[in-house]
Structure formats: structure tokens, C-alpha cells
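Asks: Sharing a structure here in C-alpha cells format.
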Amino acid sequence: MKSKKVLALLLTVLLLVGLVAVPASAASYTINKTPTTTKYYDGDTLKLTGLQLKDDKNKNINWKSSDKKFSVTPGNGDVLNLPDGYTEYDITVSVTYDNVFVGTFDVTVYKDGFVSTPTKTAYQEGEMFDPSGVSFYSKSGSGANIVFSLISYPADAGDANLTFVPSIDTPLTKETTEITVKYGTRTIGTVPVTVTAAMDSSTVKKVYTDSDMFNPIGLSLKIGSETVVYPTNKEHFSFTVPTDKTLTVDENSATQNVIVYYDGVEKGNFDITVTHNFEAIVQLEGGTMHGQFCKGCGQLGSVDQCANHVTEWIPNGDAGFLKQESETGTCSICGGKVTRNIPKTDEQLENEFNSYFNLAETTNETEPKILHFFFLIIVRLVQTLIPAGGNGHVFGTGIFQ
Ligand SMILES: [Zn+2]
Ligand SMILES: [Zn+2]
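Those letters in the sequence shown? Residues 3 to 403, per this note's numbering, in order.
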């Protein structure tokens, strides 16, 4: 920049020398006031408003876009660009009036956006954004009082205008890909970040019964740059579910959430399921029913009739005149023996009636049919009052029904 200024000065001197050489009638001018605005963001347009010259008779000449005697480079409305690699740069503006070189002045162009970006961009889930290293120019004031200040973190950490989205006290999630840096209402830019999972529970056992103890073997945590896999450093781990006693079923939900801590710092969570361990089958009600007991907590589960699980019924042949036939089967689930009644057919009852009273087998039309029917009704009534042989009632009314 200095060399440019020197060059401009040299040119001015040469031109002035030249002016001395030309006839005395030629006027000379000096810059009396530079334009109101001399500080810009990269990409802003130059504003010459406020530029004032003074001629050799001490008369002021204000810049006006309509005054065609002004020739200014760069000109009013021209875009001011920062050269590559610069964050702040002085651009020299040269002024000619009425074909006479007048002089130069500098305008300063500041980088729009980040001057420097945050150092840390790789995070683990649950960590918070650290803006350290970020800096940018902020413009305040107006007109001749415009000031560009370099805002940086942590130097300006207490500046309420300096905010981040998400904020620096929000734990980052795997979904976070960028942080927006704002100053007041102005968005300075976005910082790309990568957030990796602090915990990997993919190989951990998640399905349990209440006979089991929770065992997070294989659980992997990122601790700083290290990876710790449970049970390594076991004493640093803690969980919201105990690892030293059998699990308890939550009757409202099979799913339980486990929060993982390392040295008391939450690292993540995952779900496990805990259900009863209904493995043991037990006979109930003297063998006519069976049920499932939980091996974990001893709770009784579903109960079923053994009669529903008999594949073969064997007649007992124990019926008497006023007794029903019965048959016995073995429960395929618990091995319990069950006996049930087989009501006699009317024909069987009639034959028994005939043999009991020693009546002829061949039915005569004159036989007192009406007496048979009356008798059958009595037998049916008696049968309902006498239980079958063996284990008695089949369809019990026990407490487990
Ligand atoms: Zn249980
Ligand atoms: Zn059974």
C-alpha cells in the first residue's frame, strides 16, 4: 500500500512540476475534504458525496455527479473489491478536475464475513460449540463516524450482539452440520462442523428377562481422542440400570431406557427390553390345569386347561347304570391326567333300562314307550348330580380361571 501511496505522490509531484512549466493561466486545485464515507465492506460501492476541492482562488468546489469536470478513479458507484488474501486493504482514489490532476485519497475496504474461523470443528455428541478463533469486522456508526472493529472470540465473549445458532450452551447432536454466527441481526456466516456419536451401543445386549443382569459389555465411548470399551475402565462407567442385580420388569412397558455416564458425564442412552422369564410349566388345580411361572420373579403367567392339550382320550369303561361313561387323557404340556364325562346316548340308556328290568331286547309295539321316556328324564337328572370318576370335575372353578 505504501508503494502505491508513494507512486501516487510521485505522480502528483511530477504533474505539479508539469503545471509549473505550463502557462500561468492554468488553474490548480487541492482536495479540501475527502468524501464522507471512506470505510467500506468488500463489495460495497464507492460514494463520493462530501468530496470537496479548493481552487487556487480559495473557492470550494463540491463534488456532484452532474459536474462533468470531475474525473475520479475509481468512480462514484464503482464496486470496491478486496484483493485475494486480504482482510483489510486501502484503495487509492485519484481525482482530476477540468483535466488537471488534483490528488488522491484512500478508502479502506474490510472483509465481509469471517476474518478467521473457529479452530475446533469436530465434535462429539453432547459437546457444545466452541467459537474460539472466530473473528470478523463489524461496522458501527454512520457517515464520517463509521467505525469498523474486529470482533473476535473469546475476547468479545461478553458482547451481547455476538450470538451463535445453536447457542454455545446447547449440546450438539449428530444432526448438527453447521453453526451460524451472528452479530446483532447481521449473519456473519456459517461454520461447518462434524458431530460424531460419543457412544456406540450397537453390539450391546439389549434383550433381557428378569432372570438376567444388565451387562453392557462392548459398549464403546469416545473419551477425548480415546475409545473406551466396557468393561475396560469399568469403575468410570455408571448406568441408570443396575449391573449387579437381576432386572425388574416394568409392567407398563417392556422397554427401559438406560442412560450412560462416564465419570458422571452423560454420554448417551439406549433402550433395552425386560420381560418375564416364563419358562417353568407347573400343574395347578390337582392336575387339571397348568400355568407358567416366571423364573425371575415367581409371578404366575397365563393359565390353561390341561383338557385343551390332550391328544388322545381313552374310555375308562367305568360306567354303571346311573353313571356316565368317562375318558382319561394326558396333557401334552404338563403331563397331568384329566378325566371327563361322556354322556350316554339315549339308545345306550334304553338298552341298560331293558337289561336292568330284564325286558326283551326286541321292541314290541305294545311296550310302554311312555315309561321309557319318563325314565330317561330321571336318569339325566340324576347324572347331573353325580360327578364322573377319577379326578372329579374337569372344568374347575379354581382361582386361576
Ligand atoms: Zn418375572
Ligand atoms: Zn397341563
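Beta carbons are placed, not taken as given, at the ideal position from N, Cα and C, and that holds for glycine.
Identify, in the order they occur along the chain, each residue of the same chain with its Cβ nearer than 8 Å to the Cβ of Ser137, setting aside the five sequence neighbours on each side.
Replies: Phe116, Val117, Ser118, Leu152, Ile153, Ser154 and Tyr155, listed in sequence order.
Asks: At which residues does the beta strand (DSSP E) containing Pro317 begin and terminate?
Replies: Here the beta strand (DSSP E) through Pro317 covers Val312 to Pro317.
Asks: Just curious, the beta strand (DSSP E) that His292 is in, first and last residue?
Replies: Per DSSP, His292 belongs to the beta strand (DSSP E) from Met291 to Cys296.
Asks: Can you say whether Val19 is buried or exposed, counting buried as having 16 or more other CB atoms within 10 angstroms of its CB?
Replies: Summary for Val19: the model assigns pLDDT 49, below 50, so the residue's position carries little reliability; its value from the coordinates is reported in the next sentence. Exposed, because fewer than 16 other Cβ atoms sit within 10 Å of the Cβ of Val19.
Asks: According to DSSP, is Ile406 part of a helix, a strand, or is it coil?
Replies: Residue 406 falls outside the range modelled here, since the chain spans only 3 to 403, and no answer is possible.
Asks: In the structure shown, what three-state DSSP assignment does Asp57 receive?
Replies: Strand.
Asks: With DSSP collapsed to three states, give me the class of Gly105.
Replies: DSSP places Gly105 in strand when its eight states are reduced to three.
Asks: Mark Arg382 as exposed unless 16 or more other C-beta atoms lie within 10 angstroms of its C-beta, in which case mark it buried.
Replies: Exposed is the call here.
Asks: So, under 8 Å CB-CB, Gly293 and Cys308 are touching, yes? Tell me the CB distance rounded to an integer number of Å.
Replies: With a Cβ gap of about 11 Å, Gly293 and Cys308 do not count as contacting.
Asks: Can you list, in chain order, the residues of its chain with a C-beta nearer than 8 Å to that of His278? Leave out the 5 residues immediately preceding and following it.
Replies: Result list for His278: Thr211, Asp212, Val251, Cys296, Gly298, Cys299, Gln301 and Gly303, in chain order.
Asks: Short check: CB of Leu221 to CB of Val206, under 9 Å?
Replies: Going by C-beta atoms, Leu221 is nearer than 9 Å to Val206.
Asks: Would you please state the rounded distance, in angstroms, between the beta carbons of Thr110 and Lys49? I believe it to be under 8 Å.
Replies: Thr110 to Lys49, Cβ: 14 Å. No contact.
Asks: Given Asn83, which residues of its chain have a CB within under 8 Å of its CB, disregarding the five upstream and five downstream residues?
Replies: Correct list, in chain order: Asp44, Gly45 and Val111.
Asks: Going by the C-beta, is Gly293 closer than 8 Å to any heavy atom of ligand 1?
Replies: No, since every heavy atom of ligand 1 falls outside the 8 Å radius drawn around the Cβ of Gly293.
Asks: So does Gly289 have its beta carbon nearer than 8 Å to some heavy atom of ligand 2?
Replies: Yes, ligand 2 has a heavy atom inside 8 Å of this Cβ.
Asks: What three-state label does DSSP hand Gly115 in the structure shown?
Replies: The answer is coil: DSSP assigns Gly115 none of H, G, I, E or B.
Asks: Since Thr182 and Thr175 should fall inside the 8 Å C-beta cutoff, what is the C-beta to C-beta distance between them, to a whole number of angstroms?
Replies: The pair is not a contact, with the Cβ atoms about 16 Å apart (cut-off 8 Å).
Asks: Since Asp80 and Thr47 should fall inside the 8 Å C-beta cutoff, what is the C-beta to C-beta distance between them, to a whole number of angstroms?
Replies: Correct: roughly 6 Å between the Cβ atoms.
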